[in-house]
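First to last, the sequence lines map onto chains L and U.
The first sequence begins at 1 in full-length UniProt numbering and counts up one residue at a time.
The second sequence begins at 1 in full-length UniProt numbering and counts up one residue at a time.
A short worksheet on the structure shown next.
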Amino acid sequence: MPKKTGRTVVNVAACGALLLALTACSGGAPAARDIDLGPGPAAAGTVKKGALDGVTLTFASYGGIYQDGQETAAVKPFATESGAQVLSDGPTDYTKLKAQVDSGNVTWDVVDTDAIWAERQCGKLLMPLDTTIVDTSKLPKDMVGKCSVPAMTYGMVLMYDKSKFGANPPKDWADFFDTAKYPGKRAIPGVASDAAPGPLEAALIADGIAPDKLFPLDVDRGLKKLTSVRSSLVFWDTGARSQQLLESGEVSMAMVWTGRAYSAVKNGAKFAPQWNQFMPVSDSLAVPKNTKNPKASMALINYYLGADQQAKLTELTSYSPINSEAEPKLDALASEYVTSAPERQAQAIKLDNTWWAQNQEQIIQKWSDWLAN
Amino acid sequence: MTALIEIAAPASGRRPKGVGGRWGLLLLPALALLAVLFLVPLGLMAWRSVTDPAPGLGNYSWFFTSDVALATLVRTLAVGAVVTLVTLLLSYPYAYLMTVVSTRARIWLTLLVLLPFWTSLMVRTFAWVVLLQDSGVVNQLLGTVGMGPLQLIRTQAGVVIGMTQVLMPFMVLPLYAVMSGIDRRLLDAAQGMGARPVTAFLRVFVPLSLPGVGAGALTVFITSLGFYVTPALLGSPDQALISQQIFTQVNGLLAWGRGGAMGVVLLAVTLVLLGLVGFVLRFTRTRGGVR
Numbered sequence: 001m002p003k004k005t006g007r008t009v010v011n012v013a014a015c016g017a018l019l020l021a022l023t024a025c026s027g028g029a030p031a032a033r034d035i036d037l038g039p040g041p042a043a044a045g046t047v048k049k050g051a052l053d054g055v056t057l058t059f060a061s062y063g064g065i066y067q068d069g070q071e072t073a074a075v076k077p078f079a080t081e082s083g084a085q086v087l088s089d090g091p092t093d094y095t096k097l098k099a100q101v102d103s104g105n106v107t108w109d110v111v112d113t114d115a116i117w118a119e120r121q122c123g124k125l126l127m128p129l130d131t132t133i134v135d136t137s138k139l140p141k142d143m144v145g146k147c148s149v150p151a152m153t154y155g156m157v158l159m160y161d162k163s164k165f166g167a168n169p170p171k172d173w174a175d176f177f178d179t180a181k182y183p184g185k186r187a188i189p190g191v192a193s194d195a196a197p198g199p200l201e202a203a204l205i206a207d208g209i210a211p212d213k214l215f216p217l218d219v220d221r222g223l224k225k226l227t228s229v230r231s232s233l234v235f236w237d238t239g240a241r242s243q244q245l246l247e248s249g250e251v252s253m254a255m256v257w258t259g260r261a262y263s264a265v266k267n268g269a270k271f272a273p274q275w276n277q278f279m280p281v282s283d284s285l286a287v288p289k290n291t292k293n294p295k296a297s298m299a300l301i302n303y304y305l306g307a308d309q310q311a312k313l314t315e316l317t318s319y320s321p322i323n324s325e326a327e328p329k330l331d332a333l334a335s336e337y338v339t340s341a342p343e344r345q346a347q348a349i350k351l352d353n354t355w356w357a358q359n360q361e362q363i364i365q366k367w368s369d370w371l372a373n
Numbered sequence: 001m002t003a004l005i006e007i008a009a010p011a012s013g014r015r016p017k018g019v020g021g022r023w024g025l026l027l028l029p030a031l032a033l034l035a036v037l038f039l040v041p042l043g044l045m046a047w048r049s050v051t052d053p054a055p056g057l058g059n060y061s062w063f064f065t066s067d068v069a070l071a072t073l074v075r076t077l078a079v080g081a082v083v084t085l086v087t088l089l090l091s092y093p094y095a096y097l098m099t100v101v102s103t104r105a106r107i108w109l110t111l112l113v114l115l116p117f118w119t120s121l122m123v124r125t126f127a128w129v130v131l132l133q134d135s136g137v138v139n140q141l142l143g144t145v146g147m148g149p150l151q152l153i154r155t156q157a158g159v160v161i162g163m164t165q166v167l168m169p170f171m172v173l174p175l176y177a178v179m180s181g182i183d184r185r186l187l188d189a190a191q192g193m194g195a196r197p198v199t200a201f202l203r204v205f206v207p208l209s210l211p212g213v214g215a216g217a218l219t220v221f222i223t224s225l226g227f228y229v230t231p232a233l234l235g236s237p238d239q240a241l242i243s244q245q246i247f248t249q250v251n252g253l254l255a256w257g258r259g260g261a262m263g264v265v266l267l268a269v270t271l272v273l274l275g276l277v278g279f280v281l282r283f284t285r286t287r288g289g290v291r
């Protein structure tokens with residue numbers, strides 16, 4: 001390289017670095033230590049008035065009616081009360097989050113993410129919860145992680161075609177796998193990059209394992225059972241697709257999220273839920289590591305968990321509230337799909353999120369290989 | 001389109017004259033843009049493939065020992081080949097028709113190809129989902145003529161249909177560009193010398209149109225290797241193409257090194273194939289004495 005060009009390159013690089021340094025210094029004021037969230041223990045759903053004047057936060061979630069609901073129920077009221085300016089972004093993307101944390105330029109302050117993923121990334125990409133700011137006393141204990149709180153709850157439920165099996169509905173996951181007694185296609189989640197609770201648990205139960213002896217999961221046995229009905233399986237990769245499969249009547253049974261099941265039935269799908277052995281799941285709220293304003297992020301999470309906010313979120317999205325004191329006003333159909341109701345909880349299968357978090361990486365590899373074969 | 005044709009057929013004996021003098025400076029902004037937005041990320045990806053998570057060739061040895069990864073690569077190439085062939089078979093007569101009809105009809109034919117081209121890929125793919133699903137329009141039509149519902153979606157066939165529709169303009173346009181430049185009097189001359197119309201077409205027109213075929217086929221094939229949305233929506237996971245596998249590694253497992261290695265392998269395979277095609281074209285041209 002000629003000398004002159006070399007010098008130019010160095011100059012340009014230096015200017016670039018200077019520019020980066022300048023932009024890094026501006027923004028984000030006031031610094032985290034200046035924030036006073038008031039005395040006493042935090043109470044979910046509250047924030048000190050005007051405590052975050054001049055602070056800008058970004059809330060990232062999955063978009064659609066879910067994020068709209070989150071914004072109306074919690075994020076916008078939080079902004080009004082605290083004085084913070086809250087921006088929205090999304091959809092949540094692990095790659096983007098990793099890039100932000102790795103480069104030290106974190107622009108997402110609170111992120112709605114998958115609960116198991118949050119557990120897995122605790123301390124790596126996500127920072128521990130500050131329990132002096134986030135009040136978790138009204139949340140189900142087993143759903144609160146070290147780095148995350150549940151954002152709402154829903155479930156993986158068995159839906160069946162009423163017009164085909166109305167007289168003799170499938171009773172459990174064993175029936176889901178019984179293609180002789182209940183002919184027709186079955187929809188199950190099938191995202192290669194995201195092995196999640198559902199298909200493996202259902203397969204193992206259908207293969208004769210007692211629901212309370214599921215963990216540690218025998219992944220190979222589960223996959224073998226799934227292989228036995230492979231020709232009847234249809235894989236959905238997004239919630240919208242699962243809903244479309246129910247509405248178009250392409251399948252006679254489906255393993256889908258309760259929110260989508262509700263939307264499909266509301267749109268006229270001739271399906272009904274079998275709540276026996278449904279699997280409760282949740283999204284999680286977490287704060288990325290190296291965020292500019294952790295205190296403000298925690299304050300937003302704490303506000304989000306309030307009973308009123310959770311009730312409103314449920315009314316807007318049909319996901320179930322996570323705060324035990326939330327009392328959403330729902331119409332008859334929507335209340336049929338609330339998973340947090342005690343009678344539903346009694347029918348639920350307990351999932352071991354910690355085990356999933358520890359093993360998910362290996363499972364994703366096996367799962368994506370199985371799917372691709 | 002000329003540029004594409006040059007890439008496909010570099011052996012015409014004409015070398016582009018060096019971009020002379022000060023006019024060459026006009027290239028600089030484009031080159032700078034390419035360097036910053038294409039070469040740098042590409043280099044970073046290649047670098048990551050040999051450093052993440054540990055320095056060495058671990059990611060590559062993983063790729064070449066993983067049955068699934070290799071099968072996906074082969075499947076991606078096979079789907080690309082099938083799509084290229086189907087696109088060619090559909091586009092050749094179409095482009096030919098464009099050269100023989102009136103100007104007015106030609107405008108319509110061009111619009112017919114370009115309008116879908118200007119529509120979002122996502123929208124078009126969703127439209128195919130609606131059309132091809134078991135209870136979709138296509139299957140209903142098939143039902144009325146007594147053909148049982150066919151499994152069109154979530155199969156390789158569905159993926160090929162969707163990709164073909166998306167890629168057809170890339171075949172039709174270069175074909176038309178070359179065919180419209182072919183002197184029809186050559187065909188008349190061939191017939192005047194006693195050739196039947198079919199013979200004249202096959203022995204005069206088809207060889208002269210080959211540069212267009214090469215350019216179109218190459219563009220379609222290479223573009224098809226990077227398809228993500230269409231196979232994700234119209235195929236099933238067991239028909240996954242390599243871009244979907246890369247997504248799994250990068251997004252699901254945050255294994256950026258492996259994702260990078262897969263990208264580098266795909267790039268290398270593509271370049272090798274490009275080289276091969278260039279070689280074959282040069283060979284057939286010198287032997288066939290075209291032009």
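Note that CB positions come from ideal geometry on N, CA and C, so glycine has one too.
Sequence-ordered contacts of the stretch 218 to 251 of chain U with chain L read Ala-232, Leu-233, Ser-236, Pro-237, Asp-238, Gln-239, Ala-240, Gln-244, Gln-245, Phe-247, Thr-248, Gln-249, Val-250 and Asn-251 [C-beta pairs closer than 9 Å]. In this structure, the CA atom of Lys-162 of chain L is about 10 Å from the CA atom of Pro-170 of chain L. Shown here for Lys-164 of chain L: same chain residues with a beta carbon closer than 6 Å to its own, the five before and five after excluded, namely Ser-252 in chain order. Ala-240 of chain U and Tyr-60 of chain U have their C-alpha atoms some 20 Å from each other. CA-to-CA, the gap between Asn-276 of chain L and Tyr-154 of chain L works out to about 15 Å. Rounded to the nearest whole angstrom, the C-alpha separation of Glu-201 of chain L and Pro-321 of chain L is 24 Å.
Between Leu-234 of chain U and Gly-162 of chain U, the CB-CB gap stays under 8 Å. Leu-351 of chain L and Ala-307 of chain L have their C-alpha atoms spaced approximately 25 Å apart. Chain L has a Cβ within less than 8 Å of the Cβ of Leu-253 of chain U.
The residue among L:Lys-96, L:Thr-113 and L:Phe-215 with its C-alpha nearest the C-alpha of Asn-105 of chain L is L:Lys-96. Cβ proximity to chain L below 9 Å picks out Gln-133, Asp-134, Ser-135, Gly-136, Ile-153 and Arg-154 from the stretch 131 to 158 of chain U.
Excluding sequence positions up to five before and after Ala-69 of chain U, its CB lies within less than 6 Å of the CB of Phe-63, all in the same chain and listed in chain order. Residue environment: Asn-168 of chain L is assigned as exposed (fewer than 16 neighbouring CB atoms within 10 Å of its CB, all protein chains considered). Under the Cβ criterion of 8 Å, Lys-213 of chain L is not counted among the residues facing chain U. By the Cβ-count criterion, Asn-267 of chain L is exposed, with fewer than 16 other Cβ atoms from all chains shown falling within 10 Å of its own Cβ. Within chain L, the C-beta atoms nearer than 7 Å to that of Thr-72 of chain U come from Ala-372, in chain order. Interface residue (Cβ-Cβ distance to chain U less than 8 Å): Val-234 of chain L is classified as such.
Assignment of Phe-177 of chain L by DSSP, reduced to helix, strand and coil, places it in the coil class. Neighbours of Val-68 of chain U across chain L, judged by C-beta separation under 8 Å: Ser-368, Asp-369, Ala-372 and Asn-373.
Cβ contact annotation for Val-166 of chain U (same chain, cutoff 7 Å, sequence separation greater than five): Leu-121, Arg-124 and Thr-230, in chain order. Under the DSSP assignment, Met-255 of chain L falls in the beta strand (DSSP E) whose first and last residues are 253 to 257. In its chain, beyond the 5 residues on either side, Ala-187, Val-234, Trp-236, Val-251 and Ala-254 have a beta carbon closer than 7 Å to the beta carbon of Leu-245 of chain L. The stretch 139 to 146 of chain U and the stretch 215 to 230 of chain U do not touch, with fewer than 3 CB-CB distances between them shorter than 8 Å.
Around the C-beta of Gln-245 of chain U, 16 or more other C-beta atoms lie within 10 Å, and the residue is accordingly described as buried. For secondary structure counted as the alpha helix (DSSP H) over 4 or more consecutive residues, the stretch 98 to 148 of chain U holds these complete runs in sequence order: 103 to 117, 121 to 132 and 137 to 144. By the Cβ-count criterion, Phe-278 of chain L is buried, with 16 or more other Cβ atoms from all chains shown falling within 10 Å of its own Cβ. Scanning its chain for C-beta atoms nearer than 6 Å, with the 5 sequence neighbours on each side dropped, one finds around Val-113 of chain U the residues Pro-169 and Val-172, in chain order. The residues Ala-206, in chain order, have a CB closer than 6 Å to that of Ala-174 of chain L in the same chain once the five nearest residues on each side in sequence are set aside. Contact annotation: Val-55 of chain L and Ala-84 of chain L have beta-carbon atoms nearer than 8 Å. With a cutoff of 8 Å on beta-carbon distance, Gly-190 of chain L and Leu-371 of chain L are scored as near each other. Within the model, the alpha-carbon separation for Tyr-66 of chain L versus Thr-258 of chain L is close to 13 Å.
Taken atom to atom, the span from the alpha-carbon of Ala-195 of chain U to that of Tyr-96 of chain U is near 20 Å.
Taking 8 Å as the CB threshold, Gly-63 of chain L stays off the interface with chain U. As summarised for the stretch 233 to 309 of chain L, the continuous alpha helix (DSSP H) elements at least 4 residues long and confined to that stretch are 239 to 247, 258 to 266 and 294 to 304, given in chain order. Taking Arg-260 of chain L as the centre and dropping the five residues before and after it, the same chain places the C-beta of Gly-239, Ser-242 and Gln-243 closer than 6 Å to its C-beta, in chain order. Classified as buried, Ser-297 of chain L has 16 or more neighbouring CB atoms from the shown chains inside 10 Å of its CB.
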